[in-house]
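Shown next, in structure tokens, is the structure this report addresses.
Number of protein chains: 2
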Amino acid sequence: MARPRKDQQIDIRGRAIEEATRLLERTSAAELTMQEVAAAVGCRAPALYNHFRNKDDLLRAVHDAGFERLFAGKLALAGRSAIGAFERLRAGGIAYIAFALENPSLYRLMFAPPPSDGGGEAAENPFRNDLGLKSLALLRASIVGCQGEGYLPGQDPDVVAFTLWSAVHGAASLMLQDRAPVSETVDGDRLAGRVVDTMMAFVAATRQPGPDAT
Amino acid sequence: MARPRKDQQIDIRGRAIEEATRLLERTSAAELTMQEVAAAVGCRAPALYNHFRNKDDLLRAVHDAGFERLFAGKLALAGRSAIGAFERLRAGGIAYIAFALENPSLYRLMFAPPPSDGGGEAAENPFRNDLGLKSLALLRASIVGCQGEGYLPGQDPDVVAFTLWSAVHGAASLMLQDRAPVSETVDGDRLAGRVVDTMMAFVAATRQPGPDAT
DNA sequence: TCATTAATTTAATGACATTCATTTACGGAG
DNA sequence: CTCCGTAAATGAATGTCATTAAATTAATGA
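Residue numbers (this note's numbering), protein chains in the order written: chain A, 16 to 229; chain B, 16 to 229.
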């Protein structure tokens, strides 16, 4: 058998990304073999090379798909912006961490990406593609919104955005590696949520009595 | 040649950790081969297996050594505690990020550690060994110190410690992957430093007029 | 001096990723 | 409808590691 009949054709590329994502729930990127992916898709390993330059390229596609899911979720959340900017910030942080904890291996892959030999330098930075920029713009908008409510006076919104993102990403990352320091006062599971609360408390503390009092 | 003469013996284990750390300045953990390490040490690859169970074991040793350096630096910094708790916090954050940016591959390895097949579950969490605990305790102490100065009233020091660590780790991690969002207002290099400043501004904002006014 | 043990070495082994040459289906031109 | 070029797979190499095995030689202790 060589070329498959039209009625037996499957979208290998799409299926491979899906199946790889699924397989990553159980194994790490390094352990994942092309043969496993091929088997899950229903083809042989070399067939994958018609759709991906190499394994890293496949992993990068999974990585990108992961960001699409993450950002899509965040954008959906932004849709219901009946809530104010401040609470939107909190909701975003919680959603972000939830995503990370629910998709550990995927998240690890997303933030320890395989090297890109595609020649280009910055082309694959998810914060430089459409969805990423939109998501980042959203975060920034929430921050500007907070400033309109009297929070974070005088702060550069871009710097604040990066700081908040750093905090949630850092917390998620440490949690996933079981690097959350143990203590008697807090149990590990809720620690990530408490990071968000703490950050929000910090933001709240910056509020000036001045501007307006909602 | 088989067993080396006593006057030609070298400390393969120590040398391997050193050389691997050095090699990681240029290549990633995945690309690093046992042969490269062996060549740098001055032996053949199989000889390494007399000192490490396998490659992951070697990488974990490098990982642990990295934490020792990181923590040792932090502890040294704590020594000169002529400065107040608040400024100690800032200095710690800056030192942490500097370490990460100066040792990118090592830092990546430290926070994307190889799987431990040593059977044990928690034995290798650097925050559960002596140095890690000491370092963490130090952070906590600085926070409690800040509370004594009126900052962070009513906050659980353990949660605040994890939050601050998350922020600096997250910032370092994002920077290392070139994930720092670009903008006109800030240039990337100083962004990490500005995260620390922002976090410190947050902490400063929590200060209550009440207790004492230094 | 000799047996035992330890630290290396060279020479397998085996798991993958990746490439090659070949096969077979599809789609269009005549 | 047939023939041809192309696309998409396949099974069989290749090559690069990590890891193991067997063989070699030094140190150590009786």
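Cβ coordinates follow ideal geometry from the N, Cα and C atoms, glycine included.
{"Asked": "In whole angstroms, what is the alpha-carbon distance linking B/Gln192 and B/Asp26?", "Found": "34 Å"}
{"Asked": "From A/Val218 to B/Thr213, what distance separates their C-alpha atoms?", "Found": "10 Å"}
{"Asked": "Look at the alpha carbon of B/Gly163 and the alpha carbon of B/Gln223, and state the distance between them as a whole number of angstroms.", "Found": "11 Å"}
{"Asked": "Under 7 Å between the Cβ atoms of A/His78 and A/Leu124?", "Found": "yes"}
{"Asked": "Distance, Cα to Cα, B/Ala44 vs A/Lys89?", "Found": "33 Å"}
{"Asked": "Excluding five sequence neighbours on each side, which residues of the same chain lie with their C-beta closer than 7 Å to the C-beta of B/Pro61?", "Found": "none"}
{"Asked": "Comparing C-alpha positions only, which one of A/Pro168, A/Leu167, A/Tyr122, A/Asp173 sits nearest to A/Leu154?", "Found": "A/Asp173"}
{"Asked": "Show which residues of chain A have a CB atom less than 8 Å away from the CB atom of B/Phe67.", "Found": "Chain A residues near B/Phe67: none, gap ~18 Å exceeds 8 Å."}
{"Asked": "At least one CB of chain A closer than 7 Å to the CB of B/Arg105: is that the case?", "Found": "no"}
{"Asked": "Quick one, which residues of the region 150-170 of chain B are near chain A if we go by CB-CB under 8 Å, in chain order?", "Found": "Leu151, Gln170"}
{"Asked": "Contact defined as beta carbons within less than 8 Å: I believe B/Phe67 pairs with B/Ala53. What is the distance between those atoms, to the nearest angstrom?", "Found": "Not confirmed; about 11 Å, so no contact."}
{"Asked": "On the CB-based measure, 16 or more other CB atoms within 10 Å of its CB, does A/Arg209 come out buried or exposed?", "Found": "buried"}
{"Asked": "Nearest chain B C-beta to A/Leu73 closer than 7 Å, yes or no?", "Found": "no"}
{"Asked": "Check whether chain B comes within 7 Å of A/Asp173, counting only Cβ atoms and requiring the distance to be less than that.", "Found": "yes"}
{"Asked": "Going along the chain, which residues of the region 109-127 of chain B sit with their C-beta nearer than 8 Å to a C-beta in chain A?", "Found": "Arg123, Phe126, Ala127"}
{"Asked": "Around the C-beta of B/Arg37, are 16 or more other C-beta atoms found within 10 angstroms, so that it is buried, or is it exposed?", "Found": "exposed"}
{"Asked": "I need the straight-line Cα distance from A/Arg20 to A/Phe101, nearest angstrom please.", "Found": "56 Å"}
{"Asked": "What does B/Gln192 touch in chain A if you count any residue whose Cβ is under 9 Å from its own?", "Found": "Phe126, Ala127, Pro128, Asn140"}
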